[in-house]
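In the working numbering, the protein residues as written are 35 to 432. Contents: one structure, followed by commentary.
Right under this line is the structure:
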C-alpha cells in the first residue's frame, strides 16, 4: 500500500510583533498591511473591543486583548469613541489570540477585519496572549513594532532597529495630536435600548469640555444630565474658556505623558482654579489637575487597562469595580496640603482620585463612564452636575 511521504506544510507568518529587546512573535495578519510602532499593553476587558480600539487614550499603543474571542460580534457605526473617526485616533495595533470569526450580533454592520483596514490599524492573531501578558507583567510595557505583510516578507533587522530606537511614551504630548481642531457643541445623550442616542434640547447648564482626547460616552453622560457641552481644543486659553461663560469645566481623558501635555495645559487650569467654577477631570484630565495643584506624575510598570479594577472611594467608603486605561499615575506622596486623595486602586494602592478641600474641584483616574465596563461610578457625573446646580442655587439631582 502506498504511503504519503509528503512533508508537513508550514504556515508562513503574515504578521509579526517585534519587541525592543529583539523578541520576535509570529502570527497571522489581519487589518491594515504595513507596520506601526507603539507601546504594547494588555487589556483585560471581556467586551467592548470597538470602544477600546477607538479610545484616543490608546494613541501610540498596541493593545493585547487577554480575552481570546475578539471580533465575534462585529462592528457598527454607534460604538466608536473618538470624536473624529476620519482622524483614526486610537490604538495603532492589535494583538489577538483567536482568528476573527464572522460576526454574530443583531447590531453588527460589518466585520472587525475590514473595519481595522478602514482605520489603518495593523493586527496579528494566533498569538499566545497569556504568555505575552505574563511577559509585560514581568518586564513592563514594551516598545515594539507590529507589521503585517500578505506575502510574509519582512525586513526583520529593520523592524528590530525601529523597535529599539523608538523613544516610547515618556515625554510625548499625544493629546495635542488627537484633540479637536476647533470648538464644537455636543448634544448627544446616552444610548437607550432599541431607541439609540437622544439629544439634549433643553439644557439647564453649560459645561466647557477641554478635549485632550475625549470619549463620546463621557460627553453623552454630561449632556444627559442637562448640560449644553462645548468641546474646545486642548490648547484653548483660560480667557477663551471663561469668555464662553460656563457653569463648569470638564478636563477630559487623553493619551501620552501628562508632564508633556502639562507644559501648556497646567497654566490654563491654574487660571481656571482662580475662579469658583466647578471642575471635574477624568484620566489625563485628573493628572492635569494634579500637576496644576503642585503634584507629580510617574510612569507605571505595566499600567492599568481593563474593566475589572477595584477602586475604593474614601468619600463614601464604597468599593467600585471600574474601567481603567492609563500608563501614568499621580504620585500621591507629591500631593500638597489642601488636596485630598479620594480614591485608590485596590490592586496596587496607586492614586485614583483627588479633591481640593473646600472647593468644587475633583478628579478621578479611572473611567466612570466605562464604555466598556461596569457603571458603578456613574454617580461621579451627578456629583459634578450637583456642584454646578449648587453654585446656581438649584436643587440637587437625586
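Glycine is no exception: its CB is placed at the ideal position from the N, C-alpha and C atoms. Everything numeric in this text was worked out from a predicted model, so none of it was measured.
For residue 122, same chain residues with a beta-carbon under 6 Å away, outside a window of 5 residues either side, are 153, 154 in chain order.
The three-state reading of DSSP puts residue 214 in coil, since its state is none of H, G, I, E or B.
Excluding sequence positions up to five before and after residue 226, its CB lies within less than 8 Å of the CB of 232, all in the same chain and listed in chain order. Ranked by how close their Cα comes to the Cα of residue 244, the residues 389, 430, 209 have 209 in first place. Annotation: residue 412 to residue 259 spans about 11 Å, alpha carbon to alpha carbon. Contact between residue 397 and residue 276 fails: their C-beta atoms lie close to 20 Å from each other, not under 8 Å.
In the displayed model, residue 359 falls within a strand according to three-state DSSP. The stretch 386 to 396 makes contact with the stretch 297 to 313; the number of CB pairs closer than 8 Å reaches 3 or more. The C-beta of residue 367 has fewer than 16 other C-beta atoms within 10 Å across all chains shown, which makes the residue exposed.
Burial state of residue 292 is buried, judged by a 10 Å Cβ sphere holding 16 or more other Cβ atoms. Contact check for residue 120 against residue 207 fails: the beta carbons are separated by 8 Å or more. Shown here, residue 194 sits in a helix according to DSSP, grouped into three states. For residue 342, the CB contacts under 7 Å within the same chain, skipping 5 residues up- and downstream, are 78, 355 in chain order. Pairing residue 432 with residue 194, the inter-Cα distance amounts to about 56 Å. Three or more Cβ pairs closer than 8 Å define a contact, and the stretch 83 to 96 falls short of that threshold against the stretch 214 to 221. The beta-carbon separation of residue 327 and residue 380, rounded to 24 Å, does not stay under the 8 Å limit for a contact. Boundaries of the beta strand (DSSP E) harbouring residue 336: 330 to 347, taken from the DSSP string.
In the DSSP annotation of this structure, the continuous segment of the beta strand (DSSP E) that includes residue 95 starts and ends at 95 to 99. Residue burial is scored here from C-beta neighbours: residue 370 has fewer than 16 other C-beta atoms within 10 angstroms and is therefore classed as exposed. A direct Cα-to-Cα measurement between residue 94 and residue 427 gives close to 44 Å.
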